[in-house]
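With my numbering, the residue at position 235 of the sequence shown is 250, and numbering never jumps.
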Amino acid sequence: MDEQATSFNPAELGRYLLQVREQADIKQADLAKRVSLSPAVLSRIETGDRPVTLEEVVDILKQIPTAGAARLIEAVQRHWKVLPVPPLDHVDQDELWQAEQVARELEELRSNPDLPQAFGRRIGEYADELKRCAGLLLKREHQVAFIGAIGVGKSTAIGFMTDLTVRKDDGKLAPVLADGAGGTTLCEVHLLSGPQYGIAIEPGTPDEIREDVRDFAEHVLKGTGGAEDDDVRPGEPRATYKEVERAIRNMSGLMFKSSRDAAGKRQTFDPAKELAAECPTVREFTVEVLTRMNLPTRDRRQIWYEPSSGKSPLAWLRDEFRRINDGKHPEFTLPKRIEVIVKKSLLQADGLSVRFIDTKGIHGTAAREDLEVHLKDPHTLAVLCSHFNDAPGSPAQHLLSRAVESGIRGLEVNSSVLVLAHHDQALAVVDDATGSAVETVEDGYDLKRDHALMNMAPLGLKDYRIGFYNCLSDPGAIAQEFLVQGLQMARSSFRRQLEAATRGARNLLENQREQANQAAFDEAAARLQLWLRENSKVPVTPGSVQEELLSEILSAPASSVAAAARRDGEWRSFSYSYQLGFGARKLCVSAVGRRVDGFAEYCRLLRATPELAPACELVTQVERVLIAGFDQMQNKAQLMAQTTYREALKSAADLWQRCVAEWGRSRGYRQAVAMFSREWFTDDKRVAMEGDVRTMLEREWTRTLESVAELLGPGAPVKASE
16 MDEQATSFNP AELGRYLLQV REQADIKQAD LAKRVSLSPA VLSRIETGDR PVTLEEVVDI
76 LKQIPTAGAA RLIEAVQRHW KVLPVPPLDH VDQDELWQAE QVARELEELR SNPDLPQAFG
136 RRIGEYADEL KRCAGLLLKR EHQVAFIGAI GVGKSTAIGF MTDLTVRKDD GKLAPVLADG
196 AGGTTLCEVH LLSGPQYGIA IEPGTPDEIR EDVRDFAEHV LKGTGGAEDD DVRPGEPRAT
256 YKEVERAIRN MSGLMFKSSR DAAGKRQTFD PAKELAAECP TVREFTVEVL TRMNLPTRDR
316 RQIWYEPSSG KSPLAWLRDE FRRINDGKHP EFTLPKRIEV IVKKSLLQAD GLSVRFIDTK
376 GIHGTAARED LEVHLKDPHT LAVLCSHFND APGSPAQHLL SRAVESGIRG LEVNSSVLVL
436 AHHDQALAVV DDATGSAVET VEDGYDLKRD HALMNMAPLG LKDYRIGFYN CLSDPGAIAQ
496 EFLVQGLQMA RSSFRRQLEA ATRGARNLLE NQREQANQAA FDEAAARLQL WLRENSKVPV
556 TPGSVQEELL SEILSAPASS VAAAARRDGE WRSFSYSYQL GFGARKLCVS AVGRRVDGFA
616 EYCRLLRATP ELAPACELVT QVERVLIAGF DQMQNKAQLM AQTTYREALK SAADLWQRCV
676 AEWGRSRGYR QAVAMFSREW FTDDKRVAME GDVRTMLERE WTRTLESVAE LLGPGAPVKA
736 SE
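Structure, rendered in structure tokens:
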């Protein structure tokens, strides 16, 4: 027993002992008397300064007559062999322990050399599934990523819902994070809890900063990349975002200056234009600006609140964030990510550690890797923010549509729409049934939700969550509750997956002892093997890997396409290789997605067949294995295309020279780049690259079917049907 105690960190164990004692309202001295320890020794145990044996822990806890103490006694006596040891306060200890016990039985049975090969394969699949599902549930670090168009109000909503606001001189509340008319935040911002108030940054690389300055130089010298360009739609951003340009100007001392003439008319002076007269080439101008920015001295990465600042923590945080974000802090460089640490909990979410992510606002295209990655992460709740009047908004619909097309599962759990209302928009909603405006805000929200769900119907998402929040009139608790519900749905999904795997593995172990069920197993296996043989060949699929890229080139801001061309196809707001990877993933779904859906339906029918009832667990397992293999196929296709094409694009000098030379010449820049790119893909080498992707899909599909066939025992091998 004593040996088990060494597996617990003394500080962790002591902390939970302290919590249990305080929850029972027992003084330290009183508890020490009950267990014949001095108060000093018990204090050292609770602080983690004194190692403690399992026997001592149990003796202490037995003197605390609470349910919490009883649960802790049970937890400390568990000896984990297969699954990772969960923290003592993990709310899912019991579910994980049940999985651990089943996993042990599987491991013991797996070591039997006389085990039939197919049965051993099934045991292995369940063992792997239990570890994967337990890993999902064990991890308690979650993210809430706010995604939306520039100016939708993400930063403001985050500040108000978390009560991270300060009162300005005019008496109005303002969020700690940058607020304004949109396009204020320099980069992605993470908000997290910590021991103190502070700010940390991940700096941009020297190459990234140099390219940003080069874009700024081109804009100043040539006037390209903004609304001035003929090929840019009104309101589109230039290659250098205005917030990046603002930071570069502040860091280099090239801020706009204004004055008033004798008539009182405001005059604006641009020192960057004056510098351009002295440095007439892009290279010279870039070097001069980089020199003025003095990057070697900007090596600070974090800053922490000091009471000596004379400001409240939140006021200090707001001021320092703005200085760093605007490039006005002399010790900080251009960041690619800013982390804001606050000494408070962001969400009351059942023992979870939650960080908020304020993503870079969408302007132009939502098809960005930094956004879509959040829709794939099971531990991230993607909150798609929209204006009230156009809810759910085109950015949200575009992102969800691409996610559905690329086979991403669990969107109803891992994402939601949050409509950010302003003023009395909810009360202006007209009820079609009465022809009059609604009487309450709640009625306005309900009608707008119905309308938004109607617009989303083509996506096929069932029971999709849409919430509403007006930071000026709604209490922050409304938004907090909406987010907590989303995280709870994710945790419930993890529990269901682990419970299903545990239940299936337990049924497998029980059925192994039931020889009478063999006839049902044989019949189910025969039917499943027949399906595998009939669907073993990947059908010829129209389309190409580059279709998605060419489409996005035509819809993205021209300046973003130009910025990508100057960087060998890779820019933060537009990436050739990412779009090609997405195209390969979409090609995979087009090729075999319907067959996977058909297999799931076939399995449902088999489970509904009375004479096959004893084999339901087998059918369910092979269904999960095939779906998991299909998901892995998609990921491999995306990774292969993204990696392979990125290397080829690095050496595509002729393509990039044509694209760069075309910028600013005439209208139709996007069309020209799409044409140049389409021509590049007709080269035999690129045609062969797509052929490699299709060959990989065929190979992975065969491998997936073989992994299913191995669970079914002896039978005809998987062979492409004619």
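Glycine included, C-beta positions come from ideal geometry on N, C-alpha and C.
Open item on the list: Are the CB atoms of Gln527 and Phe2 within a distance shorter than 8 Å?
Closed with: A query on residue 2 cannot be resolved here, the shown segment of the chain reaching from 16 to 737 and no further.
TODO: Take Lys154 and list the residues in its own chain whose beta-carbon comes closer than 7 Å to its own, dropping the five residues that flank it on each side.
DONE: Shown here for Lys154: same chain residues with a beta carbon closer than 7 Å to its own, the five before and five after excluded, namely His394 in chain order.
TODO: In the DSSP assignment, find the beta strand (DSSP E) that holds Ala215 and state where it starts and stops.
DONE: Ala215 -> beta strand (DSSP E) spans 213-218.
Task: Local Cβ density within 10 Å of Asp227, reported as buried at 16 or more and exposed below that - done: If you draw a 10 Å sphere on the C-beta of Asp227, you find 16 or more other C-beta atoms in it, and that means buried.
Open item on the list: Can you confirm whether the region 177-197 touches the region 518-525 when touching is taken to mean that 3 or more C-beta pairs between the two stretches lie within less than 8 Å?
Closed with: No contact exists between the region 518-525 and the region 177-197.
TODO: Determine the direct distance from the alpha carbon of Leu145 to that of Leu130, and round the result to whole angstroms.
DONE: Between Leu130 and Leu145, the alpha-carbon positions lie close to 20 Å from each other.
Task: Beta-carbon proximity of Ala606 to Pro554, cut-off 8 Å - done: Contact: yes.
Task: Length at least 3, wholly inside the region 403-460: the beta strand (DSSP E) runs in chain order - done: Within the region 403-460, the complete beta strand (DSSP E) runs of at least 3 residues fall at 430-435.
- [ ] Leaving out five residues on either side along the sequence, give the residues of the same chain with a beta carbon under 7 Å from the beta carbon of Thr374.
- [x] Taking Thr374 as the centre and dropping the five residues before and after it, the same chain places the C-beta of Ala160, Phe161, Ile162, Glu203, Asp385, Leu386 closer than 7 Å to its C-beta, in chain order.
- [ ] Classify Tyr617 as helix, strand or coil using the three-state DSSP reduction.
- [x] In the structure shown, Tyr617 sits in a helix (DSSP, three-state: H, G or I).
TODO: Only counting runs of 3 or more residues, tell me where the beta strand (DSSP E) segments fall wholly within the region 469-503, in order along the chain.
DONE: Entirely contained in the region 469-503, the beta strand (DSSP E) runs reaching 3 residues are, in chain order, 481-484.
- [ ] Report the three-state DSSP secondary structure of Pro73 (helix, strand or coil).
- [x] The residue you asked about is not Pro; residue 73 is Val in the sequence shown. Secondary structure of Val73 (DSSP, three-state): helix.
TODO: From the DSSP output, in three-state form, read off Phe741 for me.
DONE: Past the edges of the chain, shown from 16 to 737, lies residue 741, and the structure says nothing about it.
TODO: Output yes or no for whether 8 Å exceeds the beta carbon distance between Ala738 and Leu513.
DONE: Absent from the model: residue 738. The displayed extent of the chain is 16 to 737, so no value can be given.
Task: Residues near Gln282 by beta carbon distance below 8 Å, same chain, minus five either side - done: Correct list, in chain order: Ser273, Ser274, Arg275, Asp276.
Open item on the list: Is Gly422 near the ligand FMN - that is, is its Cβ less than 7 Å away from at least one heavy atom of it?
Closed with: This structure simply doesn't include the ligand FMN, nor any ligand for that matter.
- [ ] Enumerate in chain order the residues of its own chain whose CB-to-CB distance from Ile79 is below 8 Å, with the five nearest sequence positions on each side excluded.
- [x] For Ile79, where only same-chain residues beyond five positions count, the Cβ hits under 8 Å are Val35, Arg36, Ala39, Ile41, Leu46.
Open item on the list: I'd like to know whether the C-beta atoms of Leu87 and Tyr31 end up nearer to each other than 8 Å.
Closed with: Contact: yes.
TODO: Decide if Arg582 is buried, meaning its Cβ has at least 16 other Cβ atoms within 10 Å, or exposed.
DONE: With 16 or more other Cβ atoms within 10 Å, it is buried.
Task: For Leu206, the residue or residues it bridges with in DSSP - done: Note: Leu206 sits in a beta bridge opposite Val355, Phe371.
- [ ] State the DSSP-derived secondary structure class of Trp695, mapped to helix, strand or coil.
- [x] Judged by DSSP in its simplified three-state form, Trp695 adopts helix.
TODO: Count the other C-beta atoms from every protein chain shown that fall within 10 angstroms of the C-beta of Ser360, then say buried if there are 16 or more, exposed otherwise.
DONE: Classification of Ser360: exposed, given that the 10 Å Cβ count is below 16.
Open item on the list: Could you tell me the alpha carbon to alpha carbon distance between Glu721 and Leu633, rounded to whole angstroms?
Closed with: Rounded to the nearest angstrom, the gap between the Cα atoms of Glu721 and Leu633 is 16 Å.
Open item on the list: Does Thr395 come out as helix, strand or coil in the three-state DSSP assignment?
Closed with: If DSSP states are grouped into helix, strand and coil, Thr395 belongs with the strands.
Task: Pairwise C-alpha distance: Ser416 and Ile173 - done: Cα to Cα, the separation comes out at about 26 Å.
Open item on the list: Which of the three DSSP states is assigned to Val181 in this structure?
Closed with: Shown here, Val181 sits in a strand according to DSSP, grouped into three states.
Open item on the list: Quick check on DSSP: helix, strand or coil for Gln34?
Closed with: In this structure, Gln34 counts as helix in the three-state DSSP scheme.
Open item on the list: Measuring only the C-alpha atoms, how far is Arg264 from Val369?
Closed with: C-alpha separation (whole angstroms): 35 Å.
Open item on the list: Does the region 635-642 come into contact with the region 696-709, if we say contact requires no fewer than three beta-carbon pairs (one atom in each stretch) closer than 8 Å?
Closed with: The region 635-642 makes no contact with the region 696-709: fewer than 3 CB pairs, one atom from each, lie closer than 8 Å.
TODO: Per DSSP, which residues does Ile339 bridge with? Please list them.
DONE: Paired residues: none, contrary to the question.
TODO: Specify whether the region 343-355 and the region 310-323 touch according to this definition: at least 3 beta carbon pairs, one from each stretch, less than 8 Å apart.
DONE: Three or more beta-carbon pairs drawn from the region 343-355 and the region 310-323 are found closer than 8 Å, and the two stretches are therefore classed as touching.
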